[in-house]
Amino acid sequence: MEATGTDEVEKIKSKFMSAWHNMKYSWVLKTKTYFSRNSPVFLLGKCYHFKTEGKYRALHSFQSSSAGISTEISGNVEEFRKDFISRIWLTYREEFPQIKGSALTTDCGWGCTLRTGQMLLAQGLMLHFLGRAWVWPEALDMDSSDSESWTSSTVRKLTASFEASLTAERDPKILPRPQGSPARRDWDVTEMRNEVYHRKIISWFGDSPPAAFGLHQLIEYGKKSGKMAGDWYGPAVVAHILRKAVEEARDPELQGVTVYVAQDCTVYSSDVIDRQCSFMDSGKAGTKAVIILVPVRLGGERTNTDYLEFVKGILSLEYCVGIIGGKPRQSYYFAGFQDDSLIYMDPHYCQSFVDVSIKDFPLESFHCPSPKKMSFKKMDPSCTIGFYCRTVQDFEKASEEITKMLKSSSKEKYPLFTFVKGHSRDYDFASSPLHEENDLFSEDEKKRLKRFSAEEFVLL
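Per full-length UniProt numbering, residue 1 is the first one in the sequence shown, and the count goes up by one each step.
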């Protein structure tokens, strides 16, 4: 009886907390993002120019119609809009299946670094299955209505969410497809194939236990490092959780991808190549693509502005899959820059659960219509940088290119991180095995994760 009473108290507490966070994060109004016309805009290795007469133009959350962006802009604004909207956006969700070992049915208020980690991994998988040139054919159809109807919709959602949080009814809700959305045009074979992968990638990040990279699975892997649902996660811990999630994924489509996490700001080339050349579960030898994650600190208590040019250089590379970072108290997914401002996607918008297991589930809530910008100076120094290399040759080329960038951008004696030939064991470091039979994390990894957990990054 006593345990039952405690569980009920926890459930009621969770409901009130969910209601509070939903009210806090669901109130998202349209905001203006200003882009200079005279400076290039970089988005995950692609460069765009908005050159026109005059200095600035407001891109109103990229939710206005194309007519709302003056035709006097001679640059490729439309291409940038399509490219940005095509990136996968993963945010707080509510009313998803209860997380094992807790009463939580939302990650509002604590899951933002897990969400930014998901976005980085999603971009890596998009490069792997779709390529960097791919854009969602329906990206420009995401023209939302004016601010009044946006606000009204938010109010209705907030009210319903608050009422649901205070009642015993916890049935998951599915976002409806917006009324009046344009009919799908005829697609050719390539577009149909790409759309299958587009949906499949999103489904791997669904908010339900079976999803390979969903919140439920990531939390289970996090438990191995002492993390629980509702705890805060630093970007370095999330990097190791993502690696384990990819290792444990059983979908045959994912057997051709692996993840490597740098050890103490060092990428050991032979360890990376060993992962790429490891045997796949099918028993056939093959080369795997690798997503390299490098946890770093860009300074002490505050970000050192000397690292700005390096961060800009990294985001200028097409094989960069973004940065898990943020500012104090909030985590963001950094995907580009203009001048000294970083372009990011914000996971702090709380949306309703979408059942990705149903056929033709709605895609709109997985694509962000509005980029945001933030001064580099406001960036928290703790972050994780990600790269994707399809082949061993791609990795070798990337390591050479990034090493040159690190040397040219480093004003201090030591670069931010390094690429070293050989294995970690050659330098008296315990190397992490590719597969652990009895435990997801080795003892060495557990010690490293505990050290990362002590980092002051964000209170989620």
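Note that the Cβ used here is the ideal one computed from N, Cα and C, for glycine as well.
Rounded Cβ spacing between residue 333 and residue 192 (contact assumed at less than 8 Å): For this step, residue 333 is matched to residue 333 along the sequence shown. For this step, residue 192 is matched to residue 192 along the sequence shown. Not quite, the Cβ-Cβ distance comes to about 29 Å (not below 8 Å), so this is no contact.
Within 10 angstroms of the Cβ of residue 207, are there 16 or more other Cβ atoms? Answer buried if so, exposed if not. Residue numbering aside, residue 207 sits at position 207 when the sequence shown is read from its first letter. Answer is buried; the Cβ neighbour count reaches 16.
If you pair each beta-carbon of the region 74 to 94 with each one of the region 121 to 135, do three or more pairs fall below 8 Å? yes
If you measure between the beta carbons of residue 272 and residue 257, is that distance less than 8 Å? Taking the first residue of the sequence shown as 1, we reach residue 272 at position 272. Taking the first residue of the sequence shown as 1, we reach residue 257 at position 257. Result no, Cβ atoms of residue 272 and residue 257 do not sit closer than 8 Å.
Run through the region 205 to 291 for me and flag every whole beta strand (DSSP E) of 3 or more residues, listed as ranges in chain order. 257 to 261, 266 to 268
Exposure of residue 38, with buried meaning 16 or more beta-carbon neighbours within 10 Å: Here the question's residue 38 lines up with position 38 in the sequence shown. That one is exposed.
Using the three-state DSSP reduction, which class does residue 100 fall into: helix, strand or coil? As a first step, residue 100 must be located in the sequence shown, where it is residue number 100. Residue 100 falls in the coil class under three-state DSSP.
Just to check my reading of the structure: residue 290 and residue 389 have Cβ atoms closer than 8 Å, yes? What is that Cβ distance to the nearest angstrom? As a first step, residue 290 is located in the sequence shown; it is residue number 290 there, counting from the start. As a first step, residue 389 is located in the sequence shown; it is residue number 389 there, counting from the start. Residue 290 to residue 389, Cβ: 5 Å. Contact.
Among 392, 210, 49, which residue has its Cα nearest to the Cα of residue 270? Along the sequence shown, read from residue 1 onward, the residue named residue 270 stands at position 270. It is 392 whose Cα lies nearest to the Cα of residue 270.
Flag this pair as yes or no: are the beta carbons of residue 347 and residue 90 separated by less than 8 Å? Locating residue 347 in the sequence shown gives position 347, where the first residue counts as 1. Locating residue 90 in the sequence shown gives position 90, where the first residue counts as 1. Their beta carbons are under 8 Å apart, which means residue 347 touches residue 90 by this criterion.
Taking the alpha-carbon positions, what's the residue 32 to residue 268 distance? Mapped onto the sequence shown, residue 32 falls at position 32. Mapped onto the sequence shown, residue 268 falls at position 268. Roughly 43 Å separates the two Cα atoms.
Residue 61 versus residue 376 - alpha carbon distance: Numbered from 1 along the sequence shown, position 61 holds the residue referred to as residue 61. Numbered from 1 along the sequence shown, position 376 holds the residue referred to as residue 376. Confidence is the limiting factor: at residue 61 the pLDDT is only 38, short of 50, which leaves the residue's position unreliable, though a coordinate-based value still follows. Approximately 20 Å, taken between the alpha carbons.
Tell me whether the beta-carbon of residue 117 lies closer than 8 Å to the beta-carbon of residue 215. The sequence position of residue 117 within the sequence shown is 117, counting from 1. The sequence position of residue 215 within the sequence shown is 215, counting from 1. No; because the gap between Cβ atoms is not below 8 Å, this pair is not in contact.
How is the alpha helix (DSSP H) around residue 379 delimited, first residue to last? Translated into positions along the sequence shown, residue 379 becomes position 379. Unbroken run through residue 379: none, as it is neither H nor E.
Rounded C-alpha distance that separates residue 324 from residue 409: Locating residue 324 in the sequence shown gives position 324, where the first residue counts as 1. Locating residue 409 in the sequence shown gives position 409, where the first residue counts as 1. If you take the alpha carbons of residue 324 and residue 409, they lie about 21 Å apart.
Spatial distance of residue 292 from residue 227 (CA atoms): As a position in the sequence shown, residue 292 is number 292, starting the count at 1. As a position in the sequence shown, residue 227 is number 227, starting the count at 1. Going from the Cα of residue 292 to the Cα of residue 227 covers about 23 Å.
Top-ranked residue by Cα proximity to residue 217, from 238, 234, 200, 197: For the purposes of this step, residue 217 is identified with residue 217 of the sequence shown, where counting begins at 1. When only C-alpha atoms are compared, the closest one is 238.
For residue 92, three-class secondary structure by DSSP: In the sequence shown, counting from the first residue as 1, residue 92 sits at position 92. In this structure, residue 92 counts as coil in the three-state DSSP scheme.
Cβ-Cβ distance between residue 212 and residue 249 below 8 Å: On the sequence shown, position 212 is the one that residue 212 refers to. On the sequence shown, position 249 is the one that residue 249 refers to. Taking 8 Å as the Cβ cut-off, residue 212 and residue 249 qualify as a contacting pair.
Taking the alpha carbon of residue 288 as the point to measure from, which residue in 297, 276, 299 has its own alpha carbon closest? Taking the first residue of the sequence shown as position 1, residue 288 is located at position 288. Taking only the C-alpha atoms, the option nearest residue 288 is 276.
Please state whether DSSP places residue 370 in a helix, a strand or coil. Position 370 of the sequence shown, counted from the start, is the residue given in the question as residue 370. The answer is coil: DSSP assigns residue 370 none of H, G, I, E or B.
Any non-hydrogen atom of the ligand HEM closer than 7 Å to residue 89 Cβ: What this structure holds is no ligand at all, so the ligand HEM is not there to describe.
Comparing alpha-carbon positions, which option in 34, 236, 20, 16 lies nearest residue 337? On the sequence shown, residue 337 is found 337 positions in, with the first residue counted as 1. The candidate whose alpha carbon is nearest that of residue 337 is 34.
Contacts around residue 361, its chain only, beta-carbon distance under 7 Å, and the 5 residues preceding and following it disregarded: Numbered from its first residue, the sequence shown carries residue 361 at position 361. So the qualifying residues of the chain are 354, 355.
So, under 8 Å CB-CB, residue 225 and residue 297 are touching, yes? Tell me the CB distance rounded to an integer number of Å. The residue you call residue 225 lines up with position 225 of the sequence shown. The residue you call residue 297 lines up with position 297 of the sequence shown. About 19 Å; that fails the 8 Å criterion.
If we count the other Cβ atoms within 10 Å of its Cβ and call it buried at 16 or more, is residue 16 buried or exposed? Taking the first residue of the sequence shown as position 1, residue 16 is located at position 16. That one is exposed.
N- and C-terminal bounds of the beta strand (DSSP E) containing residue 343: As a working note, residue 343 is residue 343 in the sequence shown. From DSSP, the beta strand (DSSP E) with residue 343 extends over 341 to 345.
What is the rounded straight-line gap between the Cα of residue 394 and the Cα of residue 407? Indexing the sequence shown from 1 puts residue 394 at position 394. Indexing the sequence shown from 1 puts residue 407 at position 407. Cα-Cα distance, rounded: 20 Å.
Range of the contiguous alpha helix (DSSP H) that encloses residue 399: In the sequence shown, residue 399 corresponds to position 399, counting from 1. Where residue 399 is concerned, the enclosing alpha helix (DSSP H) stretches over 392 to 409.
Does residue 369 come within less than 8 Å of chain C when only Cβ atoms are used? No chain C is present in this structure, which holds just one protein chain.
Which one or two residues does DSSP pair with residue 350 in a beta bridge? Translated into the one-based positions of the sequence shown, residue 350 becomes position 350. None; residue 350 has no bridge partner.
Whether residue 387 touches residue 262 by CB criterion (8 Å): By one-based count along the sequence shown, residue 387 stands at place 387. By one-based count along the sequence shown, residue 262 stands at place 262. Contact flag unset, no.
Proximity to residue 371 [Cα-Cα], best of 363, 427, 335: Indexing the sequence shown from 1 puts residue 371 at position 371. Residue 335 is the option with its Cα nearest to residue 371.
Compute the Euclidean distance between the alpha carbons of residue 78 and residue 315, then round it to the nearest angstrom. If you number the sequence shown from 1, residue 78 lands on position 78. If you number the sequence shown from 1, residue 315 lands on position 315. Rounded to the nearest angstrom, the two C-alpha atoms are 20 Å apart.
Would you kindly work out how many angstroms separate the C-alpha atoms of residue 397 and residue 317, rounded to a whole number? To locate residue 397, count along the sequence shown from 1; it is residue 397. To locate residue 317, count along the sequence shown from 1; it is residue 317. Going by the C-alpha atoms only, they are around 12 Å apart.
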